[in-house]
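Residue numbers (the working numbering): 1250 to 1581.
Here the structure is laid out as structure tokens; the discussion comes afterwards.
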Amino acid sequence: MAEKLIDAYSRIARKLRISITDRCNFACLFCMPEKNKVKWIPKEDILTFEEIERLTRLFVKLGIEKVRITGGEPLMRKDVEKLVAMLAAIPGIKALDMTTNGWFLAEKAYKLREAGLRGVTVSLHSLRRDRFAKISGIDALDRVVQGIDKAIEAGLAPVKINSVAIAGYNDDEMIELVDFARKRNISIRFIEFMPLDGLGVWSQDKMIKGEEIIRIVSAKYRLIPKGREAGDTATLYDFEDRIGEIGVITPMSNPFCDTCDRIRLTADGKLLTCLFDTRYNDLKSFMRKGLSDSELESYIKKYVYMKPPGIAYMPWIKTGWEKPRAMHAIGG
Ligand code: SAM
Ligand code: SF4
């Protein structure tokens, strides 16, 4: 029986998101800072595959069951399939998935599947070429669609779509995006725009609430609510004909912090126990100073215990949010 990673509010961490790079070939307006203002993590500070594997092994020993590889753009990391194989081989991992922008997916899908990746979530915020380019900073719609189809063909499962809903950008495309996913019988999740963007463009009126998205989609489809499982981020709905699935992720309008079971490891080896925390607990330095596995485990347990209660209780809610990092450097 694995030991448990428990916090002061009795939540048990079961899912780990590992950012393996902060670099990205896209420049999504809700994520990246301006090109000349990006401060990339220096190469020497990025965890090696061996370091990621060592820490993941410890996390799994401490009760983590599901691991998601993210970034930046994780498929930009050279030989990423080697890392996938190393992580997939860790005894006790029940699911290994990845979130990607899809650019390299068509060429990597089979290799990733063979290496032991289970599923892939691909971000797709518009189906109109010019709009895709405006939102993601690159003319890549066709290539991303090819990536999604190749992932399905390669047998990665589940394949899901993530769409950040932004007023004035893609709010008139909800039905088209839903139909795109239904055509492939896959799940689509709309995420509320969070104030973790590098450009500082976030504002309340650019955010489309989950309930509004459900209202829009319900005008075409009868949705059958499935609810949100404890620990999950998405509130899910089936379609009447059971083809595809839709979810809304509502960290802003209806936070799910009280059952949160996720923790994050950044590309430079910092343990972040909440997306909105400002404390980055440096495991890499400890590891590089030569601490033993049991010493590292003690630090991991201590930091998880200090996980904040949730977004509504953050001290900065009153004083204003000075985000220490943009989304590409956290991992989403
Ligand atoms: N590059 C990969 C991608 O885009 O899928 C993985 C990293 S990205 C940071 C992880 C997820 O966070 C993506 O689905 C992305 O759309 C989402 N995301 C980025 N910035 C966001 C924001 N400010 N609010 C909500 N979701 C955001
Ligand atoms: Fe890159 Fe993903 Fe951020 Fe877009 S959301 S800039 S694809 S890391």
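Cβ coordinates follow ideal geometry from the N, Cα and C atoms, glycine included.
Quiz prompt | Best match in E1322, L1324 and A1344 for proximity to R1263 [C-alpha to C-alpha] | solution = Ranking the options by Cα distance to R1263, first place goes to A1344.
Quiz item: Roughly how many angstroms lie between the CA atoms of E1425 and V1497, to the nearest whole one?
Solution: Answer to the nearest angstrom: the Cα atoms are 16 Å apart.
Practice problem: Determine the DSSP secondary structure at E1322, reduced to helix, strand or coil. | Solution: Three-state result, E1322: coil.
Quiz item: Can you round the beta-carbon distance between G1518 and L1540 to whole angstroms, since I take them to be within the 8 Å contact cut?
Solution: So it is not a contact: roughly 12 Å between Cβ atoms.
Quiz item: Is it true that the CB of I1269 sits closer than 8 Å to the CB of A1516?
Solution: Yes, the Cβ-Cβ distance between A1516 and I1269 is below 8 Å.
Quiz item: At what residues does the beta strand (DSSP E) containing A1561 begin and finish?
Solution: Unbroken run through A1561: none, as it is neither H nor E.
Quiz item: Three or more beta-carbon pairs under 8 Å between the region 1444 to 1461 and the region 1276 to 1288, yes or no?
Solution: Counting Cβ pairs under 8 Å, three or more are found: they touch.
Quiz item: Given 8 Å as the limit, is there contact between the region 1485 to 1500 and the region 1431 to 1441, that is, 3 or more CB pairs closer than that?
Solution: Pairwise C-beta distances place the region 1485 to 1500 in contact with the region 1431 to 1441, as three or more of them are shorter than 8 Å.
Quiz item: With 16 as the cutoff for other CB atoms within 10 Å, does A1479 come out buried or exposed?
Solution: Exposed, by the Cβ-count rule.
Quiz item: Who are the Cβ neighbours of R1438 in its own chain at under 6 Å, not counting the five residues just before and after it?
Solution: By the criterion of a C-beta distance shorter than 6 Å, R1438 is surrounded in its chain by N1411, A1483, G1496 and I1498, once the five residues flanking it on both sides are discounted.
Quiz item: What three-state label does DSSP hand I1261 in the structure shown?
Solution: Here I1261 sits in strand by DSSP.
Quiz item: Closest to I1549 by CA distance: which of E1300, F1298 and F1308 is it?
Solution: Of the listed residues, the one whose Cα sits closest to I1549 is F1308.
Quiz item: Using the beta-carbon count (16 or more within 10 Å), is P1500 buried or exposed?
Solution: Classification of P1500: buried, given that the 10 Å Cβ count is 16 or more.
Exercise. Could I get the ranges of all uninterrupted alpha helix (DSSP H) runs contained in the region 1359 to 1390, with 4 residues as the minimum, in chain order?
Key: With a minimum length of 4 residues, the continuous alpha helix (DSSP H) runs that stay inside the region 1359 to 1390 are 1378 to 1385.
Self-check item: the region 1325 to 1338 in contact with the region 1348 to 1367 per 3-pair CB rule at 8 Å
Solution: Under the 8 Å Cβ criterion, the region 1325 to 1338 counts as touching the region 1348 to 1367, having at least three qualifying pairs.
Exercise. Report yes or no: do the region 1394 to 1409 and the region 1297 to 1311 share at least 3 C-beta pairs separated by less than 8 Å?
Key: Because the criterion of three Cβ pairs below 8 Å is not met, the region 1394 to 1409 and the region 1297 to 1311 do not touch.
Quiz item: Can we count K1440 as close to the ligand SAM, meaning its CB is less than 7 Å from some heavy atom?
Solution: According to the sequence shown, residue 1440 is Ile rather than Lys. A heavy atom of the ligand SAM is found nearer than 7 Å to the CB of I1440.
Quiz prompt | Residue from I1457, I1267, S1372 and I1579 with nearest C-alpha to T1349 | solution = Closest option to T1349, Cα to Cα, is S1372.
Quiz item: Looking at R1266 and R1317, is the spacing between their C-beta atoms short of 8 Å?
Solution: Yes, the Cβ-Cβ distance between R1317 and R1266 is below 8 Å.
Quiz item: Helix, strand or coil: how does DSSP classify E1402 here?
Solution: DSSP places E1402 in the helix class (H, G or I) of the three-state scheme.
Quiz item: Got a sec: does the ligand SF4 put a non-hydrogen atom nearer than 7 Å to the Cβ of S1372?
Solution: For the ligand SF4, at least one heavy atom lies less than 7 Å from the Cβ of S1372.
Quiz item: Considering only the beta carbon of each residue, do L1485 and K1475 sit closer than 8 Å?
Solution: If you check the CB distance, L1485 and K1475 come in under 8 Å.
Quiz item: Using a threshold of 7 Å, is the CB atom of G1320 nearer than that to any non-hydrogen atom of the ligand SF4?
Solution: G1320: yes, Cβ under 7 Å from the ligand SF4.
Quiz item: For I1255, which residues of its own chain have a beta-carbon under 6 Å away from its beta-carbon, when the five flanking residues on both sides are left out?
Solution: Closer than 6 Å at the Cβ level, and outside the excluded window around I1255, lie I1261.
Quiz item: Opposite M1347 in the DSSP bridges: which residues?
Solution: Note: M1347 sits in a beta bridge opposite I1318 and V1369.
Quiz item: Do the region 1450 to 1469 and the region 1385 to 1395 meet, that is, are 3 or more Cβ pairs less than 8 Å apart?
Solution: Touching, no, given that fewer than three Cβ pairs across the two stretches are closer than 8 Å.
Quiz prompt | Length of the line joining the Cα atoms of D1507 and R1378 | solution = Cα to Cα, the separation comes out at about 39 Å.
Self-check item: Start and end residues, beta strand (DSSP E) containing T1484
Solution: Taken as a continuous stretch (DSSP letters only), the beta strand (DSSP E) holding T1484 covers A1483 to F1488.
Quiz prompt | Boundaries (first-last residue) of the alpha helix (DSSP H) holding I1301 | solution = That run of the alpha helix (DSSP H) goes F1298 to K1310.
Quiz item: Any heavy atom of the ligand SAM closer than 7 Å to the Cβ of N1411?
Solution: Answer for N1411: yes, Cβ within range of the ligand SAM.
Practice problem: Output the distance between the C-alpha atoms of L1472 and V1427, rounded to the nearest integer angstrom. | Solution: Whole-angstrom Cα-Cα distance: 12 Å.
Quiz item: Helix, strand or coil for R1511 per DSSP?
Solution: Here R1511 sits in strand by DSSP.
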